[in-house]
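Residue numbers (the UniProt record's numbering): 1 to 185. Okay, structure first, notes after.
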């Protein structure tokens, strides 16, 4: 992956589980609520403290466009592939809807909407594209620009790699997940 590949990485300590990123994604892509491309997962809800002492932790989860993307490796039709920017994309014309990618992804990014009015084709994989049309207009991805606490950090792989790798090796993540996202360094 190129050091200029665009990325979004969660700042776990900043997320307050407001759902602004989810709403921004739904509105931008005109998605029905049940087929969102980003979701906030909250661990230890209701417990006081922070992620280091067993307290509540909220994590925005979406496709991280991993360097060692397991979804790409398991797709039997090569529908899931890396594009010219280095991002993971899906060709819905080639997708069988087998959901191997969903089983392989440690972040739960691949979605399989069953409604015709959702993005993509019903029964084929859909996921975060990092708002490619918005980025082509010089804008940030919708989830990033709508986050009131800067819990979603946007930049290139080179800009984000060191700090984000550190964050992704700490709870609730692990060294193994950081390697999937950023590869071996």
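Just so you know, even glycine gets a beta-carbon here, dropped at the ideal spot from N, CA and C.
Residue 10 sits close to residue 152, with the two beta carbons spaced by under 9 Å.
With contact defined as three or more Cβ pairs closer than 8 Å, the stretch 134-150 and the stretch 19-34 are in contact. Secondary structure within the stretch 7-72: the beta strand (DSSP E) runs of 3 or more consecutive residues, fully enclosed, are 39-43 and 57-61 (chain order). The alpha-carbon separation between residue 105 and residue 75 amounts to approximately 11 Å.
Per the coordinates, the alpha-carbon of residue 60 lies some 12 Å from the alpha-carbon of residue 149. Proximity to residue 62 across 40, 71 and 81 peaks at 40, based on C-alpha coordinates.
In the DSSP assignment, residue 82 falls within the beta strand (DSSP E) that extends over 80-82. A distance of 9 Å or more separates the beta carbons of residue 88 and residue 102. Residue 129 places its beta carbon 9 Å or farther from that of residue 27. When 126, 98, 97 and 100 are compared, the shortest CA-CA separation from residue 111 is found for 126. For residue 135, the enclosing alpha helix (DSSP H) begins and ends at 132-136. Around the CB of residue 16, fewer than 16 other CB atoms lie within 10 Å, so the residue is classed as exposed. In the assembly as shown, residue 4 is an exposed residue. Its beta-carbon has fewer than 16 other beta-carbons within 10 Å. Under the three-state reduction of DSSP output, residue 87 falls in the coil class, being neither helix nor strand. The continuous beta strand (DSSP E) containing residue 152 extends over residues 152-156. Checking the DSSP bridge columns, you'll see residue 126 partnered with 111.
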